[in-house]
Every structure is written in C-alpha cells, then in structure tokens.
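Trainee: Below: one structure in structure tokens.
Protein chains: 2
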Amino acid sequence: MLHTDHLIGTTYSRKGTTEFRTFNPITNQPTPWSFANATPEEASLATQKAAAAFAPFQSLSLKKRATFLRAIASEILALGDPLLEVYCEETGLARGRAEGERARTLFQLETFAQALDKGQYLEAVIDLGDPNRTPQPKVDLRKMNIPIGPIVVFGASNFPLAYSTAGGDTASALACGCPVVVKGHPMHAATGALVASAILKAAQNTEMPEGVFSNLNSNTYELGKQLVLDPAIKGVGFTGSIAGGTALYQLAQSRKVPIPVFAEMGSVNPVVVLPEAIENIESRSQWAKTYAGSITLGSGQFCTNPGLIFCLEGPHTQDFIDQLVMAFTEISPTSMLHPKIHEAYTSGVTKIAAHAKLLAQTAPTAGKHANVGIGAIYEIDGATFQKYPRVHEEVFGPLSVVVRVESEAELHTLIREIDGQLTASVLGTETTIGKYTGIFKALEQRVGRLIFNGVPTGVEVSAAMQHGGPFPASTDARFTAVGESAMRRWLRPISYQNYANEMLPQALQDGNPLKLWRSLNGALSKD
Amino acid sequence: MLHTDHLIGTTYSRKGTTEFRTFNPITNQPTPWSFANATPEEASLATQKAAAAFAPFQSLSLKKRATFLRAIASEILALGDPLLEVYCEETGLARGRAEGERARTLFQLETFAQALDKGQYLEAVIDLGDPNRTPQPKVDLRKMNIPIGPIVVFGASNFPLAYSTAGGDTASALACGCPVVVKGHPMHAATGALVASAILKAAQNTEMPEGVFSNLNSNTYELGKQLVLDPAIKGVGFTGSIAGGTALYQLAQSRKVPIPVFAEMGSVNPVVVLPEAIENIESRSQWAKTYAGSITLGSGQFCTNPGLIFCLEGPHTQDFIDQLVMAFTEISPTSMLHPKIHEAYTSGVTKIAAHAKLLAQTAPTAGKHANVGIGAIYEIDGATFQKYPRVHEEVFGPLSVVVRVESEAELHTLIREIDGQLTASVLGTETTIGKYTGIFKALEQRVGRLIFNGVPTGVEVSAAMQHGGPFPASTDARFTAVGESAMRRWLRPISYQNYANEMLPQALQDGNPLKLWRSLNGALSKD
Numbered sequence: 022m023l024h025t026d027h028l029i030g031t032t033y034s035r036k037g038t039t040e041f042r043t044f045n046p047i048t049n050q051p052t053p054w055s056f057a058n059a060t061p062e063e064a065s066l067a068t069q070k071a072a073a074a075f076a077p078f079q080s081l082s083l084k085k086r087a088t089f090l091r092a093i094a095s096e097i098l099a100l101g102d103p104l105l106e107v108y109c110e111e112t113g114l115a116r117g118r119a120e121g122e123r124a125r126t127l128f129q130l131e132t133f134a135q136a137l138d139k140g141q142y143l144e145a146v147i148d149l150g151d152p153n154r155t156p157q158p159k160v161d162l163r164k165m166n167i168p169i170g171p172i173v174v175f176g177a178s179n180f181p182l183a184y185s186t187a188g189g190d191t192a193s194a195l196a197c198g199c200p201v202v203v204k205g206h207p208m209h210a211a212t213g214a215l216v217a218s219a220i221l222k223a224a225q226n227t228e229m230p231e232g233v234f235s236n237l238n239s240n241t242y243e244l245g246k247q248l249v250l251d252p253a254i255k256g257v258g259f260t261g262s263i264a265g266g267t268a269l270y271q272l273a274q275s276r277k278v279p280i281p282v283f284a285e286m287g288s289v290n291p292v293v294v295l296p297e298a299i300e301n302i303e304s305r306s307q308w309a310k311t312y313a314g315s316i317t318l319g320s321g322q323f324c325t326n327p328g329l330i331f332c333l334e335g336p337h338t339q340d341f342i343d344q345l346v347m348a349f350t351e352i353s354p355t356s357m358l359h360p361k362i363h364e365a366y367t368s369g370v371t372k373i374a375a376h377a378k379l380l381a382q383t384a385p386t387a388g389k390h391a392n393v394g395i396g397a398i399y400e401i402d403g404a405t406f407q408k409y410p411r412v413h414e415e416v417f418g419p420l421s422v423v424v425r426v427e428s429e430a431e432l433h434t435l436i437r438e439i440d441g442q443l444t445a446s447v448l449g450t451e452t453t454i455g456k457y458t459g460i461f462k463a464l465e466q467r468v469g470r471l472i473f474n475g476v477p478t479g480v481e482v483s484a485a486m487q488h489g490g491p492f493p494a495s496t497d498a499r500f501t502a503v504g505e506s507a508m509r510r511w512l513r514p515i516s517y518q519n520y521a522n523e524m525l526p527q528a529l530q531d532g533n534p535l536k537l538w539r540s541l542n543g544a545l546s547k548d
Numbered sequence: 022m023l024h025t026d027h028l029i030g031t032t033y034s035r036k037g038t039t040e041f042r043t044f045n046p047i048t049n050q051p052t053p054w055s056f057a058n059a060t061p062e063e064a065s066l067a068t069q070k071a072a073a074a075f076a077p078f079q080s081l082s083l084k085k086r087a088t089f090l091r092a093i094a095s096e097i098l099a100l101g102d103p104l105l106e107v108y109c110e111e112t113g114l115a116r117g118r119a120e121g122e123r124a125r126t127l128f129q130l131e132t133f134a135q136a137l138d139k140g141q142y143l144e145a146v147i148d149l150g151d152p153n154r155t156p157q158p159k160v161d162l163r164k165m166n167i168p169i170g171p172i173v174v175f176g177a178s179n180f181p182l183a184y185s186t187a188g189g190d191t192a193s194a195l196a197c198g199c200p201v202v203v204k205g206h207p208m209h210a211a212t213g214a215l216v217a218s219a220i221l222k223a224a225q226n227t228e229m230p231e232g233v234f235s236n237l238n239s240n241t242y243e244l245g246k247q248l249v250l251d252p253a254i255k256g257v258g259f260t261g262s263i264a265g266g267t268a269l270y271q272l273a274q275s276r277k278v279p280i281p282v283f284a285e286m287g288s289v290n291p292v293v294v295l296p297e298a299i300e301n302i303e304s305r306s307q308w309a310k311t312y313a314g315s316i317t318l319g320s321g322q323f324c325t326n327p328g329l330i331f332c333l334e335g336p337h338t339q340d341f342i343d344q345l346v347m348a349f350t351e352i353s354p355t356s357m358l359h360p361k362i363h364e365a366y367t368s369g370v371t372k373i374a375a376h377a378k379l380l381a382q383t384a385p386t387a388g389k390h391a392n393v394g395i396g397a398i399y400e401i402d403g404a405t406f407q408k409y410p411r412v413h414e415e416v417f418g419p420l421s422v423v424v425r426v427e428s429e430a431e432l433h434t435l436i437r438e439i440d441g442q443l444t445a446s447v448l449g450t451e452t453t454i455g456k457y458t459g460i461f462k463a464l465e466q467r468v469g470r471l472i473f474n475g476v477p478t479g480v481e482v483s484a485a486m487q488h489g490g491p492f493p494a495s496t497d498a499r500f501t502a503v504g505e506s507a508m509r510r511w512l513r514p515i516s517y518q519n520y521a522n523e524m525l526p527q528a529l530q531d532g533n534p535l536k537l538w539r540s541l542n543g544a545l546s547k548d
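So the sequence lines, in the order shown, correspond to chains X and Y.
So the working numbering is basically just the index in the first sequence, starting at one, shifted up by 21.
So the working numbering is basically just the index in the second sequence, starting at one, shifted up by 21.
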C-alpha cells in the first residue's frame, strides 16, 4: 500500500535511477522502503502542472477549498496505524509523539479550513467613490487578498507530519488557493508518501484540479535548487538549518523575478532567570524540573528548544542551577532523528565544550539504542560568553548553556549581542517585574514571541501566535509559520478601481454576500 | 532661510568638500543653492542617532506620534510660497502641480495620523488561555504589530514632496515608530532642505527624541550603498528606476542580516481597449482625449503612466487611434525634470522607434524651454511586439505604444508575456464585459491594481489602494506604497505569552483601554 514513487499531480512517476532509503535511527538500519531521486524532467512536470492548476484552483469558492482541506485531514486519519508505525520507524520517535503530531497536523488543516469559512483573511477593504469631490472626483476602490501562485514546500526533518507533506506550509498555501509542490525530507520519505497518497485521495474526492499537489523525493540539493529557480514557482516554505535556509533565500533573491522564501531556521531561544523567580525553594525546584524537561523534550529537536539560560546572579542562583543539574541527570536520553543530526549535535557540543564547563549530562541509556542524543548542560560566565560568538549559536539537540550574569547592565549587553530569535522567556514574579522593564524591551527587539513564566517549547496553533523572528531565526520576521496568519505568506493585495458590482469578486460586492467584516470607508462593518 | 547643510538629528552639518547644485530644467541653468556630499562619518552619525532614537520613539503613545505627524504638516504649510517657488525652480513643474503635490503630502501625513488615532494598524489579536484544556492547558497568547527599526528613505525624482523628504515612505515609517534617515534626491535638494527644516521644527515642538529624523544630501551612489548596508538600518523605501531599485534590493539581501527593500520601480501600465468601448463616436472621442491627457500628464513622469495600449481589433479601432492621434497633437509638451531624464527619454524613444511606427507627436513648443519631453505615440502589431521585449519596457516620459491586437487569443498571449505591472486598465462596457473574463483574470496575475473604464494616473490615497505590483513593478507585491496599509511595510508582529495584564502593551490589555477592534478568540470585538 506504500507508493514510493513521486506523486506528480494525479500520476505516480519514477524515472530517476539513483535510489535512496530512509533509516531507523534506533536500530541504525535502513527501512524497507526505497525511493528514487526525482529527475529534472519530473520536477518540471510538477511545477508545470502546478502552474496550470493555479487559475482553476484559485477560482474555487472558499467553501470548496475548505472541503478539500478537511478531506485531507480525514484521509490522513484514515491511513490509521500504518502511518504512525512508518513515522516511528523512520524517526525513532515514540508513538505518543506520532499521535500528538498527527493531531496537530489535523488541527492545522481544520484551522485553515475555518479561516476559509470566515473569509476574514481576504482583508476586504472598500472605499466608495465620490463623484462630487473637488478638485477631482473620488474613484471607487476595493481591495482584497489574492494568492501569489504555486509554492514549493520543503519538508522539515523534525516534523515529519506537522511541517512536512501536509503540514502548516502546505495547508496554509492550499487554503489561499496556491498549488503546492512538496520536496519531501529524505529522512522520512515513506511517511511523506503515505500522506501524499491521502492528499491525492482528498483531491480526487473533492474534484480539485490536476496539479494542485505534487510530492517529489530526493536526497540531493539539486532538486531543491531547481524548484526554487523555476519561474513557475512564486514562493517557498522551508524549515531547517540557517545554512540551508539562507542558501535557498539567496538563490530565490538572485532570480530575475525574486520570490519570497519563508525559511524558519535557527534559534537558541534565550531564557532569563531573574532572582525573584527562584526565591522560594518550591518555584526553584519547579522551574528547574520544567526546564530540564523542555531542554530534552524530543531530544531537543525543536526550533523553540531553550539553548541559552541567562541567570541573573542572586542569592539562590547557584541552588537553582544545582536543581537543574539534578533534574537533568534523572532524564533518560533518546535517539535523535538521524545519524547525521546526531553527528552534527556531537560536533556542536564539542564547540561549546571548548569554552564552557560541563555541569551535567542526562542519565545513561538503559537499552542499546543508536544515535542517542546525550543531553548536556554547560556553564559559562558573561564575559566569556561575550568573547565567543560560537557559544551564541544554536546546537540542534538537548543542550543548554547556562550563562552566569553578574548584573542587569551585563544582561543588557549580552541581549544586545545575540542574534534574532524565535522566542525569549523570562522567569520572574509579577510584583517585581516593573524593575526589569528595560530587559523586556531589549528582548522584544530580538524575538517574535516573548514568554513570561513558561517554556518556549509547545507552539500553540493560534491566531495570536507569532512563530518567526528577526533573522536568522527566520528570513522574514513579518510573517508567521504557525497559526491562521501563516496564510499571509502566500497572499498579495489587489485593488479594483471603478468596477461594476457584478464584475467584482464576491468578497467586495455591494450587499456583502459573504457576510464578511470589511473596512468600509475606514470603519469595520458587515454592511 | 534655506539651510543647505545636512540635517543630522537636530544638528546641521557640512563636512564634505564635494559640492553639487540643483538645476532648473526650463532655463537649463543651475539654481542658486549648493550642497555638499555627505561624508561616511556624517551618514554613520545619522544612523547611530536613528538607532538611539528608536527605543524612546516607539515607546511614545500613538497620540504623541500623531501630533508629530500633524505638526510636520503644519510646518510644511507654514513654509508658504517659498517652498512652492523652490519646488518649481528645481523641477520645472507648474505651480498648480506644486500646490497639488503639497496638498497630497499634507493629506498623507493626516492619513497616517488618523491611522494612529484609530490604532487598527496594530492588528491586536487575543487568544485567551484555557487551563482546563486537555491534553495540554492552553496558554494565553496576545499579538500585535511593533515597528522594525530605523528606515532609510530615498527621495524620488518625480515626487519632490509626496515621495521624498516628508513623503509617503517617511510619513508611514514615522507613524509606525521607526526613525527615518532620508537620502534626498539630488535634483531637488533645496526643496528637500526646506521640508527637512519643517520636520525639525515639528520634532522640536512636539518633543520628539533626537535622531528621529535626518536628511542627507549627495549626488553619489556611495551614500545610498553605505546606508543600505548599515547594520542599524532595518528597512528601505525607494521610488525610482528598475536598475536602481534592483541594485539596492540585491545589496540589502546580501547583508549578514537581510532587510526589506520596498522599491517602487518601473511599469508600463497596459491598457486594453475592447471594441465595445469605442462603438459610439462620443465615447471613442472621449477616451482618446482622456488618454492623450493621461499619457502626457506631468510630461509622463509618473509610475502609473499608460505606456502600452492594446487595441483589440474591431470596426472602430482605426478611428479610435486616429482620434487619439488628433487629441495628442493638440497637447503642448513641457520640460522634463532634468537633462538626464530628458536624455534617457530621448534614448528610450529611439529604441521604440527601431521597431514601431511613429503615429503622432505632441504640438511643437511655443516658448524657448529646454529639456522638453516631446510626447509620442507609436504603433506596432502584436507579432512584432512579441518579437521585441524591449518594446515591453517602460520609457519614462510622455510616450505610449499602441499595439494592434488581432484576436482575443493573441491578447491573452501578449498579456502572459509582459512583466509585472503596477496597474492595468480595461476600457469596455458593463453589458458585454462577461465576454472577456479570461482577459481580466490574466491581467489580475500581472498587476497590483485593475482599473475599469478609467486611467491609471491619479493614485488615490485610500485604505483600498494597492500601489505596488509583481516584480519589476515593485520589489514586493505584498505591500503598498500608498494608503494607510503602507505602514505595514515597517511593522512586524510579536506575541506575548502568559503576560500579566499590567505587563502588556495597552493595545492588548484586558478592558481594551484603546477601544480597538481586536480579534478575541477568533471573533472581532471591542470588548
């Protein structure tokens, strides 16, 4: 039942002769499934089909596209246990994680379907004309969002479901009316193939135009480059490394017609621990446990993993760190996603170890699992941290560096020197927080999301979520990869001037047939 | 009273030794005012002051920033006749145009002040937490827009007031809370200096932080490059040529931390004349006169100038073209903005003349004005048009190419081959328009604004305006340079998670102290 061929529109294809397999990182063995690298011709066929599908797909009613998204969700669910088993086989992640990520994926599809139900994402604005205005009559102008065109989505290694084949990028682009060509992540191609088969069924059952979705396999960089440079492609979604995302971004900007690349890249997600937060023993111990859990969750393979903990020196700082160490040593490490990720992690740890002192590692593993990411906490003082920018950079995995910060002034300096981040978290108390306004303001300049008394892991799918931060956290801090607003990445506004009512899209017509909240002469209205 | 020095924050400076003068294009003589090229140190000082001003400026209440914008408008008006005189001296444009552009500039400042009064641009979104949700409790998340940082604005040659010193880019950036460093256009540095003095007065009278605005002069490319590469600068506004805008865009993308460049560049603004629109002699004659006026308005020096007229062949097409020719020859040409622009226009006309047939020129000039842009209409058939992409490109000035199109199918092909555009216009009748749905849809893919039975010149300052189109019309079709939404270019969203109410910005607090429409758990609300 597992089609390992590329899915190009409604056709399966396998023309390439170079094959690759996915890998079980726990057993260190290849999985049973073999995939062929897509040929340049197969990739072109996919983008051509996507280009051809764009006009009919974007013309569909919002209701029809919502039905398509919900059908994808149903078909993914209908894949049942085999999907979860293949997911676990290819990632070494636990079944609970597979179930959770599947639930998230379905919820995301439903979120975008609901955005289509509401239609507010069209951002309809109407400024009525005034023929009597002097010196010139005022024209009738109406504006709304339209989709930008076919999108390429790169599957993420660390989210085989939620940020891959039918993940947030794909779902948000399809919701907008943009056909999608997925370049699946080679580490979980079988999971991707199963999900692609679900999208195919959904597309056929809801009568979507041919080419609205394709799924290509490859373990080379060439396929991605070709897709990003293809003139038919109008935007790119990517989740991965700073090097990979930056390369794709630069490539896309070098095109004759540059296109947006939304690359969600690296982040160390700094945490500031204020002395007030750890004054009493209960909260000290609680935060230590919570953070030990957050650092090691999913073997630290989350973009929001807290990799940097600024401890502003206070009477209980040492004890907090001791508690963190204690909590840490009680956690059992797990296999990382792939030998290559494990290798990169090991090499990253070495670079940190050159400048910082090892405080703790996670407990030794009981079983014989391969590619285990041994969690580690390092400690460094503020001055040394400042001296070595390498320590500011993300190490993808269950590692965190505790920075001992002598004063609020030093904390300010350190915050100014770190790169753009997805998140920053502050542990403090509501009553004393007014003392640290400057710290909050400084962090605000660096991040997309600020968390008070919480952990950065666990990215809520919500309209109020901003998942994306100043470069290099992501390539465009003005957009989010999570939540309803993720659709904005694939939209652009268009104005219609002096159009007769029946010529206008429904969203802009007199009488408001879609019953939208619209800006009407500057005021929000449903009239 | 005219300070020709650079304005750096609240200090005038003139360290450079290379001088330049502005120019009266009508008399072909330099104006009385001499300017020095800004030195690298002066430019750095301006960006450092802007960076220092960012924190206090963005923390001001919306009301205070609105007061600042309105004070700028008052001070510009208070400059009185001398501003209009210097404007006319430096541009050769008529006094009526100077007055009109001043009015537009003041209106833009007022538009953004009103946006601050309303506060909707903050796009506040609140998703309340739910501690009882399973399997995980839901966190409280609140999102709003914050300014991105200091902005560089390049003055536009063709809008010395409305898209220069205190023009739309500057006004929208200041409204957001972004300090602005203007690199004035060297062709109207004196106009710019006067406006800068008005901004200085306004900043002082309303107690804005030092460095919120600077104005630098130079006739070199080096200053612009330095500013775009300066790490303190977080965004760029530019209006000008495709070559200039693309170069700045590429430069900004090559930075270690890339920044957005909003370059509003070239456009030929295609017009489609359907046979039905010119069936009767009155409308034929009326459209011919209207378009002759639109093509030659301001010597064609508008980004929305209609440079391409696709005439779909019908029984009256030849007569329409004859009427256009007749109307054209009755128009008196005027001086262009500068000898260099005039030279580029003459060279552009030559390139068109190599492939197309001259149909008409504007009437000979009566006076002895220099740098006169002689309006021209050329004709070409669809097949030849397709053959020579050079004819698809903008010639900045009072020129339009009439393309004789044999069939709707040919029209489709031609539209597919033209570049991205700011606008497209269609002349037709409401009753027969259903015949041409495909044409409208094809144009929609190419433009930011579609006009039915109208001219593209005259860009309304309105919330429903989209001024910006697919590359190379502008570098980012997802944003507009005109209207309230122009502020979006200088904003990015930030989420606050689990913040105590008093820690939140007012826009997101319980009780809604700013009385904004906010998205609350997915529904718009003022509660």
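We treat Cβ as the ideally placed atom computed from N, Cα and C, and that holds for glycine.
Fair warning: this is a prediction, and the values are worked out from it, not measured in the lab.
(1) Cβ of Arg549(X) within 7 Å of Cβ of Tyr517(X)?
(2) One question on the structure: do Leu215(Y) and Leu104(Y) come within less than 7 Å of each other, judged by their Cβ atoms?
(3) Phe323(X) by DSSP, collapsed to three states: which one?
(4) Can you give, in chain order, each stretch of the beta strand (DSSP E) that sits fully within the segment 202–264 of chain Y and has at least 3 residues?
(5) Count the other CB atoms, across all protein chains shown, that sit within 10 Å of the CB of Pro158(X); report buried if there are 16 or more and exposed otherwise.
(6) Mind checking who Ser540(X) pairs with in its DSSP beta bridge?
(7) Would you mind giving the Cβ-Cβ distance between Pro419(Y) and Pro354(Y), rounded to the nearest angstrom? I have them listed as a contact below 8 Å.
(8) So, helix, strand or coil for Arg513(Y), using DSSP?
(9) Name the DSSP beta bridge partners of Asp151(X), please?
(10) Beta-carbon separation of Ala73(Y) and Gly232(Y) under 7 Å?
(11) Kindly examine the ligand GTP and report whether one of its heavy atoms sits closer than 6 Å to the Cβ of Ala377(Y).
(12) Would you tell me roughly how many angstroms separate the C-alpha atoms of Ser421(X) and Gly287(Y), rounded to the nearest one?
(13) At 4 residues or longer, and completely inside the segment 267–318 of chain Y: list those alpha helix (DSSP H) runs for me, N to C.
(14) Are the beta-carbon atoms of Phe56(Y) and Asn236(Y) separated by less than 7 Å?
(15) For Pro385(Y), count the other beta carbons within 10 Å of its own beta carbon; 16 or more makes it buried, fewer makes it exposed. Which is it?
(16) Rounded to a whole number of angstroms, what is the C-alpha to C-alpha distance between Ser34(Y) and Gln344(Y)?
(17) Residues in its own chain within less than 8 Å of Glu429(X) by CB, not counting five upstream and five downstream?
(18) Would you mind giving the Cβ-Cβ distance between Thr325(Y) and Leu443(Y), rounded to the nearest angstrom? I have them listed as a contact below 8 Å.
(19) Between the segment 135–149 of chain Y and chain X, which residues of the former have CB atoms less than 7 Å from a CB of the latter, in chain order?
(20) Out of Leu448(Y), Gly261(Y) and Ile93(Y), which one is the CA nearest neighbour of Val174(Y)?
(21) Where in the segment 39–102 of chain X do unbroken runs of the beta strand (DSSP E), each at least 3 residues long, occur, reported from the N-terminal end onward?
(22) Would you tell me roughly how many angstroms separate the C-alpha atoms of Glu106(X) and Leu23(X), rounded to the nearest one?
(23) In angstroms, rounded to a whole number, what distance separates the CA positions of Val203(Y) and Ala494(Y)?
(24) Please classify Ser315(Y) as buried or exposed, where buried requires at least 16 other C-beta atoms within 10 Å of its C-beta.
(25) Tell me whether the beta-carbon of His488(X) lies closer than 7 Å to the beta-carbon of Thr501(X).
(26) For the segment 74–89 of chain Y against the segment 189–201 of chain Y, do three or more pairs of beta-carbon atoms, one drawn from each stretch, fall closer than 8 Å, so that the two count as touching?
(27) Quick one: complete beta strand (DSSP E) runs, 3+ long, within the segment 171–207 of chain X?
(28) Could you tell me the boundaries of the beta strand (DSSP E) in which Gln141(X) lies?
(29) Flag Pro514(Y) as yes if its beta-carbon sits less than 7 Å from any beta-carbon of chain X, otherwise no.
(30) Using the three-state DSSP reduction, which class does Pro526(Y) fall into: helix, strand or coil?
(31) For Ile515(X), tell me which candidate among Ala391(Y), Thr43(Y) and Gln466(Y) has the shortest Cα-Cα distance.
(32) Which residue or residues does DSSP assign as beta-bridge partners of Val476(X)?
(33) Is there contact here, the segment 140–156 of chain X with the segment 526–542 of chain X, by at least three beta-carbon pairs under 8 Å?
Mentor: Based on what the coordinates show:
(1) With chain X running from 22 to 548 in the structure shown, residue 549(X) is simply not present.
(2) yes
(3) coil
(4) 234–237 and 256–260
(5) exposed
(6) Val146(X) and Leu545(X)
(7) 7 Å
(8) strand
(9) Lys159(X)
(10) yes
(11) Absence of the ligand GTP is noted for the structure shown, with no ligands found whatsoever.
(12) 50 Å
(13) 302–317
(14) no
(15) exposed
(16) 56 Å
(17) Leu333, Tyr457, Gly459 and Ile460
(18) 6 Å
(19) Val146, Ile147 and Asp148
(20) Gly261(Y)
(21) 40–45 and 50–57
(22) 12 Å
(23) 22 Å
(24) buried
(25) yes
(26) yes
(27) 172–175 and 201–204
(28) Per DSSP, Gln141(X) belongs to no beta strand (DSSP E) and is neither H nor E.
(29) yes
(30) coil
(31) Gln466(Y)
(32) For Val476(X), which the question treats as bridged, DSSP gives no partner whatsoever.
(33) yes
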